[in-house]
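J.: Here our numbering = 1-based position in the sequence shown + 636.
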Amino acid sequence: MPPAPGFDAVFFDLDGTLADTAPDLGGALNRVRVEEGLEPLHLDALRRVTSHGVRGLLQVGFGLAPGDPHYASHAARVLTHYSAALCVETRLFPGIAELLDLVEAHRLRWGIVTNKALRYTVPVVDGLALLRRAASVVGGDSAPRAKPAADPLLLAAAVAGVEPARCLYVGDDAR
């Protein structure tokens, strides 16, 4: 297939766009809830905030926001549980594998740009068998500023060897 006109690369968000990470992220939050004597939340309630990472999960799961005195300790506990089960139930959304095949068939480069820290991102992307295929994988701690700043997208374009003006970005969050 010939290259698609107008752009040379497509970058995707990870959580909630390429992959349903809610079972593993939400599972980590629910383990902390159970430790505190609370009932686990239904996955559907957690799936809606997965794109907001631990911040969104802590808001829904405990009513905590950054700045709350208990926020940092709860975030650390959720991330400890998440680190132990990064890609157990995480799956690509239906149709994503075929979409990536089509992107590659058009000789387009593609990558992942997420606000998830790289130490969590790389094992998830590898577990989904995408690490070797992606032209770039950029985490929230890869650039000086995270999304919605342009820094991570500019870095992804540079790593992929593509002019930023010739890139598309696909994500599920208004940010």
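Where a beta carbon is used, it is the ideal one built from N, C-alpha and C, also for glycine.
Leaving out five residues on either side along the sequence, give the residues of the same chain with a beta carbon under 6 Å from the beta carbon of LYS783.
T.: These residues qualify, in order along the chain: ASN751.
J.: With which residues is VAL758 paired in a DSSP beta bridge?
T.: According to DSSP, VAL758 bridges with nothing at all.
J.: What is the DSSP secondary structure of ARG691, reduced to helix, strand or coil?
T.: Residue state, collapsed to three classes: helix.
J.: Measure the alpha-carbon distance for ASP704 versus ARG769 and round it to whole angstroms.
T.: ASP704 and ARG769: Cα-Cα distance of roughly 40 Å.
J.: Which same chain residues end up closer than 6 Å to ALA664 when comparing Cβ atoms and leaving out the 5 residues on each side of it in sequence?
T.: Taken in chain order, the residues that qualify are VAL714, HIS717, TYR718.
J.: Excluding sequence positions up to five away, which residues of its chain have a Cβ less than 6 Å from the Cβ of SER687?
T.: Excluding sequence neighbours, SER687 sits near ASP651, GLY652, ASP808, ASP809.
J.: Taking the alpha-carbon of VAL773 as reference, which of VAL795, PHE698, TYR805 has the nearest alpha-carbon?
T.: That would be VAL795, whose Cα lies nearest to the Cα of VAL773.
J.: Going by the CB atoms, is the gap between GLY763 and ALA849 shorter than 8 Å?
T.: Lying before the first or after the last residue shown, residue 849 is absent from the chain, which here runs from 637 to 811.
J.: DSSP beta-bridge partners for LEU728?
T.: For LEU728, which the question treats as bridged, DSSP gives the partners ALA655.
J.: Under the DSSP definition of a beta bridge, which residues are partnered with ARG745?
T.: Answer is ALA645.
J.: Within 10 Å of its beta-carbon, does ARG745 have 16 or more other beta-carbons around it, so buried, or fewer, so exposed?
T.: Burial call: buried.
J.: Would you tell me roughly how many angstroms separate the C-alpha atoms of GLY673 and LEU679, rounded to the nearest one?
T.: One C-alpha to the other measures close to 18 Å.
J.: By Cβ distance, which residues of its chain are closer than 7 Å to VAL690, with the 5 residues on each side in sequence left out?
T.: Closer than 7 Å at the Cβ level, and outside the excluded window around VAL690, lie ALA711, VAL714, LEU715.
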